[in-house]
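**Q** In full-length UniProt numbering, the protein residues as written are 1 to 110.
We put the beta carbon where it would ideally sit given N, CA and C, even for glycine.
1. Any idea if residue 83 is buried or exposed, counting beta-carbon neighbours within 10 angstroms, 16 or more meaning buried?
2. Nearest CA to the CA of residue 97: which residue from 103, 79 and 53?
3. How is residue 65 classed by DSSP in three states: helix, strand or coil?
4. Using a Cβ-Cβ cutoff of less than 6 Å, which residues in the same chain neighbour residue 49 once the five nearest sequence positions on both sides are dropped?
5. Beta-carbon separation of residue 40 and residue 86 under 7 Å?
6. Run through the DSSP bridge pairs and tell me what residue 70 is partnered with.
7. Please report the residue range of the beta strand (DSSP E) in which residue 99 lies.
8. So what does residue 55 bridge to, in DSSP terms?
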């Protein structure tokens with residue numbers, strides 16, 4: 001009976017740690033996005049520009065990038081998650097494009 005109790009405890013702990021890891025990733029992405037939004041709001045205010053509207057990237061979308069202002073870092077794991085790039089276009093307007101990005105630490109060079 002003690003063996004079954006031990007196995008049950010290990011199973012419960014394993015499942016709860018997996019759930020925590022997934023939620024942790026969401027918190028990390030959320031923090032990265034908030035950091036980007038705060039940094040871009042400060043940049044816009046300091047440079048007398050309107051805050052950038054966030055546009056979700058679509059395949060084939062044309063981007064007029066004159067100067068990259070900020071990019072959120074890639075995920076250190078191997079999951080796909082949101083990322084953002086804020087840039088000034090050739091007219092000096094701030095733009096933010098949000099896209100999905102594969103993490104840096106995937107097997108097979110992903």
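**A** Answer, in terms of the structure:
1. buried
2. 53
3. coil
4. 94
5. yes
6. 86
7. 94-102
8. 97
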